[in-house]
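> Take this structure first; my questions come after.
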Amino acid sequence: MAPGMDVMRGAPITETTKPPPITNPDNSDIKRVRNYSMQPPVIPHKVEGYQIDKNANRCMFCHARTRTQESQAPMISVTHFQDRSGNHLAELSPRRYFCMQCHVPQADLQPLVANRFVDVDAMLNPQAAASAAASTPERK
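By this note's numbering, the letter at position 127 of the sequence shown is numbered 127, and the numbering carries on one by one without gaps.
Written out as structure tokens, the structure reads:
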């Protein structure tokens, strides 16, 4: 490969490339187990075409407190109604407005690089983690 080429993108680092389409997006609407403490919940449905910009936030059509009864979607966390000083707000905090900075949709894809992540619970108690993993059904 030529010098300055990005191995994963197959293009020079300085070149802007179009990202590949997300294939096989998860649309199960089933909550996934979190992989580590403080992990934001992942998005269990398609989000292609969602408008999330300064003018609108499509996520709030279902996840706003006033919409959860109708949509049956989980309400966004109360922490999303606090400013950086911990003051409670009547509206969604601007720093939490762009949902996909933390919450990401899932897709059934092969990893581009090896992942050696080990959950803190597995490090602290390997036997308990192994038995929990054995009893948890694998998601597709």
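All C-beta atoms, glycine included, are put in the ideal place defined by N, C-alpha and C.
Consult DSSP for Met88 and reduce its assignment to one of helix, strand or coil.
The sequence given here has His at residue 88, not Met. Strand, per DSSP.
> In the structure shown, what three-state DSSP assignment does Pro126 receive?
In the structure shown, Pro126 sits in a helix (DSSP, three-state: H, G or I).
> Is the separation between the beta-carbon of Ile52 and that of Met123 shorter than 8 Å?
Against a cut-off of 8 Å, the Cβ pair of Met123 and Ile52 comes out as no contact.
> Does chain D have any CB closer than 8 Å to the CB of His88?
Although the question refers to chain D, the structure presented lacks it and comprises just one protein chain.
> Applying the criterion that 16 or more other CB atoms from any shown protein chain within 10 Å of the CB defines a buried residue, is Ser131 buried or exposed?
Its Cβ having fewer than 16 others within 10 Å, Ser131 is exposed.
> Three or more C-beta pairs closer than 8 Å, one from the region 4 to 20 and one from the region 89 to 97: is that the case here?
No contact exists between the region 4 to 20 and the region 89 to 97.
> Please state if the CB of Pro41 and the CB of Gln106 are separated by a distance shorter than 8 Å.
No, Cβ-Cβ distance for Gln106 and Pro41 is not below 8 Å.
> Taking the straight line between their C-alpha atoms, what separation do you get for Lys140 and Thr66?
Here Lys140 scores only 45 on pLDDT, less than 50, and its place in the model is too uncertain to base an answer on.
> Given a threshold of 16 other Cβ atoms within 10 Å of its Cβ, counted over all protein chains shown, does His63 qualify as buried or as exposed?
Buried, because 16 or more other Cβ atoms sit within 10 Å of the Cβ of His63.
> Name the DSSP beta bridge partners of Met5, please?
Partner(s): Pro12.
> Buried or exposed for Ile30, please, with buried defined as at least 16 other CB atoms from any protein chain shown within 10 angstroms of its CB.
Result: exposed.
> Given Ile22, which residues of its chain have a CB within under 6 Å of its CB, disregarding the five upstream and five downstream residues?
Answer for Ile22: Ala107, listed in chain order.
> Could you give the residue range of the alpha helix (DSSP H) that holds Glu70?
Run containing Glu70: Thr68 to Ser71, per the alpha helix (DSSP H) assignment.
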